[in-house]
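Report on the following structure.
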Amino acid sequence: MPVISAICKPEQSEIIKVINGKINVKGYAWSGGGRKIIRVDVTNDQGETWYTANLDAEDNNAKVGRYWSWTLWSIDLPVKKELKEMEIWTKAVDASYNVQPENIKNIWNLRGFLCNAYHKIKVKLEH
72 MPVISAICKP EQSEIIKVIN GKINVKGYAW SGGGRKIIRV DVTNDQGETW
122 YTANLDAEDN NAKVGRYWSW TLWSIDLPVK KELKEMEIWT KAVDASYNVQ
172 PENIKNIWNL RGFLCNAYHK IKVKLEH
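As structure tokens, this is what we get:
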């Protein structure tokens, strides 16, 4: 199974209160073959600037090559004052340096199997 990440909070189309110029974003990441998630990156400007999320919950008791559980992540994402809405993207990297593809263009298939492109959501901002 390929490396994958997802945004759980905020949800698609949610209205979010910006506090001190930031919003909190949370999600999970996972990779097949027992590979450990080593990094999750988040952007709010379509990939121009990437921010590294904190890996909050990872299985530190797992033996090397046996990381079967999700890795939870979070980040206080900076937000520009003039923005009223934005799109948030996430991508994960595993211990073999596998990374999610940016879009599904080259991995698309009818049933959606192994579709692991960046997870993207749009949100509205309240300053």
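The sequence shown maps to residues 72 to 198 in the numbering used here.
Positions of the beta carbon are idealized from the N, C-alpha and C atoms, including for glycine.
In this text the structure is predicted, and so the values were computed from the model without any measurement.
Shortest alpha-carbon distance to residue i belongs to which of the options?
i, options, result
"THR142", "ARG110, THR123 and VAL89", "ARG110"
"ALA166", "PHE184, PRO172, LYS107 and GLY118", "LYS107"
"VAL164", "GLU156, MET157, GLU158 and GLU173", "GLU173"
"THR161", "LEU196, GLU119 and ALA128", "GLU119"
"LEU154", "GLY104, LEU181, ASN115 and TYR122", "ASN115"
"TYR99", "SER84, VAL113 and PHE184", "VAL113"
"GLN117", "PHE184, ASN180 and ILE159", "ILE159"
With respect to the beta strand (DSSP E) encompassing residue i, which residues constitute its N-terminal and C-terminal limits?
i, result
"SER76", "75–80"
"ARG110", "108–114"
"ILE159", "156–165"
"TYR99", "93–101"
"ILE90", "Careful: ILE90 lies outside any beta strand (DSSP E) and carries neither H nor E."
By how many angstroms is the C-alpha of residue j removed from the C-alpha of residue i?
i, j, result
"ILE178", "LEU126", "27 angstroms"
"CYS186", "ILE86", "28 angstroms"
"ASP150", "VAL74", "Reading off the sequence shown, one finds Val at residue 150, where the question assumed Asp. In a straight line, the C-alpha of VAL150 is about 27 angstroms away from that of VAL74."
"ARG182", "LYS80", "26 angstroms"
"GLU197", "ILE146", "18 angstroms"
"ASN132", "GLY105", "13 angstroms"
"GLU82", "ILE90", "17 angstroms"
Under the three-state reduction of DSSP, which class applies to residue i: helix, strand or coil?
i, result
"PRO149", "strand"
"MET72", "coil"
"GLU197", "strand"
"ALA188", "coil"
"THR123", "strand"
"TYR138", "coil"
"ALA133", "coil"
"LEU181", "coil"
Answer yes or no: the CB of residue i versus the heavy atoms of the ligand NAD, is any distance below 6 angstroms?
i, result
"ALA163", "In terms of ligand content, the structure shown is empty, and the ligand NAD therefore cannot be addressed."
How many whole angstroms separate the CB atoms of residue i and residue j, which I take to be in contact at a CB cut-off of 8 angstroms?
i, j, result
"TRP144", "ALA124", "4 angstroms"
"LYS191", "GLU156", "Rounded, the Cβ-Cβ distance is 13 angstroms, inconsistent with contact."
"ASN169", "SER102", "7 angstroms"
"ILE78", "LEU148", "ILE78 to LEU148, Cβ: 10 angstroms. No contact."
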